[in-house]
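Notes to accompany the following structure.
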Amino acid sequence: MKLNRAIDFLFISLFVLVFLSGCISNAKSAEADLFSYKGSYVGDNSAVVNTVIQLKGAEHFSGVALQTKEEPYGIIIDYDWAASEEDEQKTVIHNASYLFALIQNVDWVVLNFETAEGVKEFKITREELESWYNLKLSEVENEEKLTELIQTHSEDAEEIAQLLK
């Protein structure tokens with residue numbers, strides 16, 4: 001009788017251990033998902049949308065259009081921003097930085113924020129943003145480095161205003 005209980009306990013413990021290790025590996029892979037799109041192309045609708053829905057303001061995301069017929073290639077992202085309290089300009093810098101770092105052939109990004117006052121449109125090119133950072137965004141290899149780069153450069157409101165004029 002004691003042997004059966006010990007075997008049952010062993011199987012239950014093993015099941016719990018396997019289940020918990022699966023949860024931990026899924027959590028780690030979810031964190032790495034965003035940079036799994038590194039090297040994708042603007043014409044890959046799935047990669048672009050899956051990237052956008054993981055970026056800042058994703059809960060307000062309302063649509064995307066890809067400009068792929070002729071160069072320069074671009075992405076237009078629409079947000080329903082009326083209920084958002086986030087800063088549009090910081091969202092533009094954050095999201096454009098990720099898009100330029102991950103999608104190798106995107107040359108420009110337009111982010112449209114539908115607010116109570118109307119639509120605020122921000123257009124930024126790869127060249128402008130890389131010049132602002134003084135770095136090629138395609139060279140950034142992980143999310144930690146990109147986050148640090150964005151935070152370092154997003155502290156000065158005047159610098160941000162100058163970039164997004």
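Here our numbering is used: the sequence shown runs in plain steps of one and ends on residue 165. Just so you know, even glycine gets a beta-carbon here, dropped at the ideal spot from N, CA and C.
Using the rule of at least 16 other Cβ atoms within 10 Å of the residue's Cβ for burial, across every protein chain shown, is residue i buried or exposed?
| i | result |
| --- | --- |
| residue 119 | exposed |
| residue 51 | buried |
| residue 97 | buried |
| residue 25 | With a pLDDT of only 41 at residue 25, under 50, the local geometry of the prediction cannot be trusted, and no value is derived from it. |
| residue 75 | buried |
| residue 53 | exposed |
| residue 88 | buried |
Write down the C-beta distance between residue i and residue j rounded to the nearest angstrom, noting that I regard them as a contact closer than 8 Å.
| i | j | result |
| --- | --- | --- |
| residue 37 | residue 102 | 5 Å |
| residue 134 | residue 111 | The pair is not a contact, with the Cβ atoms about 23 Å apart (cut-off 8 Å). |
| residue 90 | residue 108 | No, residue 90 and residue 108 are not in contact; Cβ-Cβ is about 19 Å, not under 8 Å. |
| residue 86 | residue 57 | 6 Å |
| residue 130 | residue 137 | 6 Å |
| residue 92 | residue 164 | 6 Å |
| residue 78 | residue 114 | 7 Å |
| residue 61 | residue 143 | Wrong, their Cβ atoms sit about 19 Å apart, outside the cutoff. |
Is residue i helix, strand or coil by DSSP?
| i | result |
| --- | --- |
| residue 46 | helix |
| residue 40 | strand |
| residue 54 | coil |
| residue 164 | coil |
| residue 140 | coil |
| residue 85 | coil |
| residue 28 | Note that residue 28 scores 40 on pLDDT, short of 50, meaning its location in the model is unreliable; the coordinates nonetheless yield the value given after this. Three-state result, residue 28: helix. |
Which partner residues does residue i have in the DSSP bridge list?
| i | result |
| --- | --- |
| residue 66 | 75 |
| residue 103 | 40 |
| residue 156 | Its beta-bridge partners do not exist; DSSP assigns none. |
| residue 61 | 79 |
Quiz item: In chain order, which beta strand (DSSP E) runs of at least 3 residues are fully inside the region 108 to 136?
Solution: 108 to 115, 118 to 125
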